[in-house]
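Start counting the sequence shown at 1; every next residue gets the next number (the UniProt record's numbering).
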Amino acid sequence: MEPSERVELPANFEDAGLDHLVLLISDMLGRLIAHNDQIPLSPESLTRFHSRSAPNITILEYLRRIVKFTNVERSCLLLTLHYIDQICSRMPLFTLSSLTAHRFILASVAVSSKAFCDAFCTNNHYAKVGGISVAELNVLEREFLRIINWRLMCTRDVLQEYYVNLVRTHSSGGFIIIGTQSASSISSDSDIDSAPSRPMSPVEVTTPSTILIDTATLSPELPKGPTIEQNMAFAALQQEREGAAGDLRDRMDDDPP
């Protein structure tokens, strides 16, 4: 893509268009998922976020659906990346993959909206938009909060750093922040790059499950052997993979109330 064809984005993530932000996030998550899908699944790595088969809807379409029907705020979309890093660092066996991404994103949006927004939807509405039952979303929400140890807070500077690095590492190089030379060379003394420099993409970091994180601030859980529930779920998953493809999209209504 020629530089003249690049899309110019505002300096601050709060001013970015929602669809541009969704494009940036889905590009990053798509590359992360493609990498993590190559990691063999084991019983001890199963979580409540795992589907038995990959949902028949892309991350881009899923995010656009959430934005359309829940009016999610920009900060909550970027918080999803922060929560991925936090949980992957606390649970080294967890990976964001085609089996976990959709449920994780939905739970993250529901939790972050309740924590940071003045107005948010009910779980019944989030579940309908996400294509799962409200009972399942309730379980995912509790599990999400347990794993992250209720540490939902995040500074604006950290979210801004995620935004800058999404632009820097976009696979096509098709975006540029106004006032910079290129999408991969944002000035270190600009107003938007005040946070410390850290790893910037799943290709560049040591642990491929994460995006951008200072792991020194975290205490990861000790690895544990698989539980009986995980062994049973793993066996069921192996059988399910021999059957039909995912049906998440089929359970979605076109226009949730």
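Note that beta-carbon positions come from the ideal geometry of N, C-alpha and C, so glycine has one too. Predicted model, so just to flag it, every value in this text is computed and none were measured.
The alpha-carbon of Asn36 is positioned some 20 Å away from that of Tyr162. Taking a contact as a CB-CB distance under 8 Å, the pair Val109 and Thr80 counts as one, their CB atoms being some 7 Å apart. Burial state of Arg74 is buried, judged by a 10 Å Cβ sphere holding 16 or more other Cβ atoms. The beta carbon of Gly30 sits closer than 7 Å to the beta carbons of Ile59 from its chain, once the five residues preceding and following it are set aside; these are given in chain order. Under DSSP, Glu8 forms a beta bridge with Ile176.
Annotated three-state conformation of Leu93 is coil, per DSSP.
Unbroken alpha helix (DSSP H) runs of no fewer than 4 residues, entirely contained in the segment 85-173, are found at 101-116, 123-130, 134-147 and 156-168, following chain order. Taking 9 Å as the cut-off, the beta carbon of Leu9 is found no closer than this to the beta carbon of Ile148. DSSP, read as helix, strand or coil, puts Val72 in coil. Two segments are said to touch when three or more pairs of C-beta atoms, one from each, lie closer than 8 Å; by this definition the segment 12-19 does not touch the segment 45-56. For the segment 13-82, the continuous alpha helix (DSSP H) assignments of 4+ residues that do not extend past its boundaries occur at 18-36 and 59-70, in sequence order.
Gln86 and Arg146 do not touch by the CB rule: their CB atoms are close to 13 Å apart, not below 8 Å. CA-to-CA, the gap between Cys121 and Val67 works out to about 12 Å. By the CB criterion at 9 Å, Cys117 and Cys76 fall inside the cutoff.
Closest option to Tyr126, judged by alpha-carbon separation, among Leu159, Phe69 and Thr95: Phe69. Taking all protein chains shown into account, Met28 has 16 or more neighbouring C-beta atoms within 10 Å of its C-beta and is therefore buried. The straight-line gap separating the alpha-carbon atoms of Leu23 and Lys114 is approximately 24 Å.
Nearest in C-alpha terms to Gly131, of all of Leu32, Ser112, Phe104 and Asp157, is Phe104.
The Cβ atoms of Leu99 and Ser51 sit closer than 9 Å to each other.
Taking Asn138 as the centre and dropping the five residues before and after it, the same chain places the C-beta of Asn123 closer than 8 Å to its C-beta, in chain order.
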